[in-house]
Amino acid sequence: MNPKDSAGQLAAVCGLTFNDLSILSMALTHPSYAQEQPGHVNNQRLEFLGDSILNFTVAEYLYGHYADKQEGDLTRIRAKVVCDRSLAEVAQEIGVGRYLLLGRGEEATGGRKRRSILGDTVEAIIGAIYLDQGIDAARAFVLRWLKEKIVEAAAGDYQDHKSRLQELVQAHNRDNVSYAVINESGPAHARRFEIGVYFRQRLLATGNGGTKKEAEQNAAEQAYALLMNDLAIILDGPAQGWPS
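Here it is as C-alpha coordinates:
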(Lines of atoms letter the chains of each structure in order from A and count residues from 1; the text may use other names and numbers.)
(Lines give C-alpha, C1' and ligand atoms only; values in the text may rest on other atoms or scores of the structure.)
Protein backbone atom coordinates (compact mmCIF):
# COMPACT_ATOMS: atom_id res chain seq x y z
CA MET A 1 0.00 0.00 0.00
CA ASN A 2 1.21 3.49 -0.84
CA PRO A 3 2.36 5.22 2.40
CA LYS A 4 0.14 8.26 1.85
CA ASP A 5 -2.87 6.09 1.04
CA SER A 6 -2.24 4.03 4.16
CA ALA A 7 -2.09 7.13 6.34
CA GLY A 8 -5.16 8.67 4.71
CA GLN A 9 -7.24 5.56 5.23
CA LEU A 10 -6.25 5.28 8.90
CA ALA A 11 -7.04 8.96 9.47
CA ALA A 12 -10.49 8.42 7.97
CA VAL A 13 -11.12 5.37 10.17
CA CYS A 14 -10.15 7.34 13.28
CA GLY A 15 -12.09 10.44 12.25
CA LEU A 16 -8.95 12.56 12.16
CA THR A 17 -8.06 15.36 9.77
CA PHE A 18 -4.31 15.80 9.44
CA ASN A 19 -2.74 18.99 8.19
CA ASP A 20 0.31 16.97 7.16
CA LEU A 21 -0.40 13.32 6.39
CA SER A 22 3.31 12.60 6.05
CA ILE A 23 3.58 12.76 9.86
CA LEU A 24 0.95 10.05 10.24
CA SER A 25 2.65 8.06 7.49
CA MET A 26 5.86 8.23 9.51
CA ALA A 27 3.98 6.91 12.55
CA LEU A 28 3.02 3.83 10.55
CA THR A 29 6.54 3.18 9.29
CA HIS A 30 8.17 0.30 11.11
CA PRO A 31 12.00 0.33 11.19
CA SER A 32 12.07 -2.77 8.97
CA TYR A 33 10.28 -0.85 6.20
CA ALA A 34 12.54 2.18 6.50
CA GLN A 35 15.61 -0.05 6.19
CA GLU A 36 14.34 -1.47 2.91
CA GLN A 37 12.98 1.79 1.51
CA PRO A 38 15.62 4.57 1.48
CA GLY A 39 14.24 7.99 2.21
CA HIS A 40 11.59 6.83 4.67
CA VAL A 41 11.92 7.72 8.37
CA ASN A 42 10.84 5.11 10.91
CA ASN A 43 8.39 5.74 13.74
CA GLN A 44 10.71 5.28 16.73
CA ARG A 45 11.11 8.97 17.57
CA LEU A 46 7.36 9.47 17.31
CA GLU A 47 6.89 6.44 19.54
CA PHE A 48 9.15 8.05 22.16
CA LEU A 49 7.14 11.26 22.02
CA GLY A 50 3.78 9.51 22.04
CA ASP A 51 4.75 7.35 25.02
CA SER A 52 5.39 10.48 27.09
CA ILE A 53 2.12 12.09 26.02
CA LEU A 54 0.21 8.87 26.71
CA ASN A 55 1.62 8.51 30.22
CA PHE A 56 0.98 12.19 30.98
CA THR A 57 -2.61 12.07 29.71
CA VAL A 58 -3.51 8.95 31.68
CA ALA A 59 -1.80 10.32 34.80
CA GLU A 60 -3.63 13.63 34.42
CA TYR A 61 -6.98 11.87 34.08
CA LEU A 62 -6.32 9.64 37.08
CA TYR A 63 -5.23 12.58 39.23
CA GLY A 64 -8.34 14.57 38.34
CA HIS A 65 -10.88 11.75 38.68
CA TYR A 66 -9.59 9.53 41.51
CA ALA A 67 -8.83 11.78 44.44
CA ASP A 68 -9.33 8.84 46.82
CA LYS A 69 -6.40 6.84 45.45
CA GLN A 70 -2.82 7.13 46.65
CA GLU A 71 0.29 7.45 44.49
CA GLY A 72 1.05 3.74 44.47
CA ASP A 73 -2.45 2.85 43.31
CA LEU A 74 -2.39 5.53 40.61
CA THR A 75 0.96 4.25 39.36
CA ARG A 76 -0.29 0.66 39.15
CA ILE A 77 -3.51 1.68 37.40
CA ARG A 78 -1.58 3.72 34.85
CA ALA A 79 0.85 0.85 34.24
CA LYS A 80 -2.04 -1.49 33.50
CA VAL A 81 -3.63 0.99 31.08
CA VAL A 82 -0.50 1.86 29.08
CA CYS A 83 1.01 -1.64 28.84
CA ASP A 84 1.67 -3.35 25.51
CA ARG A 85 -1.38 -5.58 25.85
CA SER A 86 -3.75 -2.68 26.40
CA LEU A 87 -2.31 -0.66 23.51
CA ALA A 88 -2.36 -3.67 21.20
CA GLU A 89 -6.06 -4.10 21.97
CA VAL A 90 -6.63 -0.47 20.98
CA ALA A 91 -4.66 -1.04 17.78
CA GLN A 92 -6.77 -4.09 16.97
CA GLU A 93 -9.98 -2.18 17.62
CA ILE A 94 -8.88 0.59 15.26
CA GLY A 95 -7.46 -1.85 12.73
CA VAL A 96 -3.96 -0.38 12.79
CA GLY A 97 -2.37 -3.62 11.60
CA ARG A 98 -3.71 -3.33 8.07
CA TYR A 99 -2.15 0.12 7.62
CA LEU A 100 1.34 -0.66 8.91
CA LEU A 101 4.33 -0.23 6.62
CA LEU A 102 6.47 -3.29 7.26
CA GLY A 103 9.59 -4.77 5.77
CA ARG A 104 9.36 -8.10 3.99
CA GLY A 105 10.75 -10.04 6.95
CA GLU A 106 8.30 -8.59 9.47
CA GLU A 107 5.47 -9.06 7.01
CA ALA A 108 6.35 -12.72 6.53
CA THR A 109 6.59 -13.43 10.27
CA GLY A 110 3.24 -11.94 11.29
CA GLY A 111 4.33 -8.44 12.25
CA ARG A 112 0.88 -7.01 11.59
CA LYS A 113 -0.44 -8.95 14.57
CA ARG A 114 2.59 -8.67 16.85
CA ARG A 115 1.59 -7.05 20.14
CA SER A 116 4.78 -5.04 20.61
CA ILE A 117 4.62 -3.58 17.10
CA LEU A 118 0.94 -2.67 17.45
CA GLY A 119 1.48 -1.03 20.84
CA ASP A 120 4.49 0.93 19.61
CA THR A 121 2.52 2.15 16.59
CA VAL A 122 -0.32 3.45 18.74
CA GLU A 123 2.22 5.48 20.71
CA ALA A 124 3.69 6.79 17.45
CA ILE A 125 0.22 7.80 16.24
CA ILE A 126 -0.31 9.75 19.46
CA GLY A 127 2.99 11.53 18.85
CA ALA A 128 1.96 12.31 15.28
CA ILE A 129 -1.37 13.78 16.38
CA TYR A 130 0.42 15.96 18.91
CA LEU A 131 2.87 17.32 16.31
CA ASP A 132 0.15 17.96 13.75
CA GLN A 133 -2.68 19.23 15.94
CA GLY A 134 -1.41 19.88 19.46
CA ILE A 135 -1.89 18.48 22.94
CA ASP A 136 -5.68 18.82 23.09
CA ALA A 137 -6.15 16.62 20.02
CA ALA A 138 -3.63 14.08 21.33
CA ARG A 139 -5.37 14.02 24.71
CA ALA A 140 -8.75 13.56 23.05
CA PHE A 141 -7.44 10.60 21.04
CA VAL A 142 -5.97 8.92 24.11
CA LEU A 143 -9.14 9.29 26.14
CA ARG A 144 -11.37 8.27 23.25
CA TRP A 145 -9.66 4.90 23.01
CA LEU A 146 -8.42 4.36 26.56
CA LYS A 147 -10.91 6.00 28.92
CA GLU A 148 -12.92 2.80 29.26
CA LYS A 149 -9.76 0.88 30.09
CA ILE A 150 -8.81 3.50 32.70
CA VAL A 151 -12.19 3.17 34.39
CA GLU A 152 -12.03 -0.65 34.27
CA ALA A 153 -8.50 -0.72 35.67
CA ALA A 154 -9.36 1.69 38.47
CA ALA A 155 -12.39 -0.39 39.46
CA GLY A 156 -10.74 -3.76 39.06
CA ASP A 157 -7.61 -5.66 39.99
CA TYR A 158 -4.53 -3.50 39.50
CA GLN A 159 -2.42 -5.22 42.14
CA ASP A 160 1.31 -5.49 41.62
CA HIS A 161 1.59 -8.73 39.63
CA LYS A 162 5.08 -9.49 40.96
CA SER A 163 3.86 -9.28 44.56
CA ARG A 164 0.81 -11.38 43.81
CA LEU A 165 2.93 -14.03 42.09
CA GLN A 166 5.39 -14.13 44.99
CA GLU A 167 2.56 -14.55 47.49
CA LEU A 168 1.09 -17.42 45.48
CA VAL A 169 4.41 -19.24 45.12
CA GLN A 170 5.48 -18.85 48.73
CA ALA A 171 2.12 -19.98 49.98
CA HIS A 172 2.97 -23.41 48.53
CA ASN A 173 6.75 -23.56 48.39
CA ARG A 174 9.78 -22.21 50.23
CA ASP A 175 11.46 -21.33 46.93
CA ASN A 176 10.62 -18.16 45.03
CA VAL A 177 10.60 -17.07 41.42
CA SER A 178 13.39 -15.07 39.79
CA TYR A 179 13.61 -12.79 36.77
CA ALA A 180 16.19 -12.48 34.00
CA VAL A 181 16.52 -10.45 30.82
CA ILE A 182 16.13 -12.67 27.76
CA ASN A 183 16.48 -10.02 25.08
CA GLU A 184 16.98 -6.28 24.61
CA SER A 185 16.23 -4.45 21.38
CA GLY A 186 15.69 -0.99 19.96
CA PRO A 187 17.73 2.22 20.13
CA ALA A 188 18.92 3.72 23.40
CA HIS A 189 15.98 6.14 23.63
CA ALA A 190 13.36 3.44 23.01
CA ARG A 191 14.64 0.17 24.44
CA ARG A 192 12.44 -2.90 24.50
CA PHE A 193 12.98 -5.67 27.04
CA GLU A 194 11.92 -9.30 27.08
CA ILE A 195 12.16 -10.78 30.56
CA GLY A 196 11.58 -14.32 31.73
CA VAL A 197 10.24 -15.36 35.12
CA TYR A 198 11.71 -18.62 36.42
CA PHE A 199 10.90 -21.12 39.14
CA ARG A 200 13.66 -23.55 40.08
CA GLN A 201 15.55 -22.44 36.96
CA ARG A 202 12.64 -23.33 34.70
CA LEU A 203 11.03 -20.68 32.52
CA LEU A 204 7.39 -20.11 33.45
CA ALA A 205 6.53 -17.15 31.24
CA THR A 206 7.92 -14.13 29.44
CA GLY A 207 6.91 -10.49 29.33
CA ASN A 208 7.78 -7.51 27.16
CA GLY A 209 7.91 -3.81 27.92
CA GLY A 210 9.61 -0.50 27.43
CA THR A 211 11.28 -0.82 30.84
CA LYS A 212 12.55 -3.81 32.78
CA LYS A 213 9.93 -3.18 35.46
CA GLU A 214 7.09 -3.21 32.95
CA ALA A 215 8.41 -6.39 31.32
CA GLU A 216 8.74 -8.07 34.72
CA GLN A 217 5.17 -7.14 35.62
CA ASN A 218 3.89 -8.56 32.33
CA ALA A 219 5.89 -11.76 32.82
CA ALA A 220 4.57 -12.11 36.38
CA GLU A 221 0.99 -11.66 35.19
CA GLN A 222 1.42 -14.47 32.65
CA ALA A 223 3.12 -16.75 35.19
CA TYR A 224 0.37 -16.15 37.75
CA ALA A 225 -2.28 -17.21 35.24
CA LEU A 226 -0.26 -20.33 34.43
CA LEU A 227 0.16 -21.34 38.07
CA MET A 228 -3.49 -20.78 38.88
CA ASN A 229 -4.23 -23.46 36.26
CA ASP A 230 -1.44 -25.80 37.36
CA LEU A 231 -0.42 -25.40 40.98
CA ALA A 232 1.51 -28.68 40.77
CA ILE A 233 4.38 -26.67 39.36
CA ILE A 234 5.03 -25.01 42.73
CA LEU A 235 3.79 -27.60 45.22
CA ASP A 236 6.47 -28.98 47.53
CA GLY A 237 8.29 -31.90 45.98
CA PRO A 238 8.89 -32.61 42.28
CA ALA A 239 5.76 -32.07 40.20
CA GLN A 240 4.58 -34.63 37.69
CA GLY A 241 6.48 -34.19 34.47
CA TRP A 242 9.03 -31.90 36.08
CA PRO A 243 12.41 -33.57 36.74
CA SER A 244 13.88 -33.01 40.19
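Taking this note's numbering, the leading residue of the sequence shown gets 23, the next gets one more, and so forth. Here a beta-carbon is modelled for each residue, glycine too, at the ideal position from N, C-alpha and C.
At least three beta-carbon pairs within less than 8 Å, the stretch 116 to 136 to the stretch 79 to 88: no
Backbone CA spacing between Ser207 and Gly178 [nearest angstrom]: 32 Å
Inter-residue Cα distance where the pair is Leu153 and Gly30: 17 Å
Residue span of the alpha helix (DSSP H) that contains Ile75, given as start and end: Gln66 to His87
Arg241 to Ala202 span [Cα, whole Å]: Here the sequence assigns Ala to residue 241, which means Arg is not the residue at that position. Going by the C-alpha atoms only, they are around 10 Å apart.
Distance CB(Ala245)-CB(Ile217) smaller than 8 Å: no
Buried/exposed call for Pro60, threshold 16 Cβ in 10 Å: exposed
Three CB pairs or more closer than 8 Å across the stretch 163 to 172 and the stretch 49 to 56: no
Cβ-Cβ distance between Asn65 and Thr131 below 8 Å: no
Expected contact under 8 Å - CB spacing of Val191 and Tyr220 to nearest Å: Contact doesn't hold; Cβ gap of about 11 Å is too wide.
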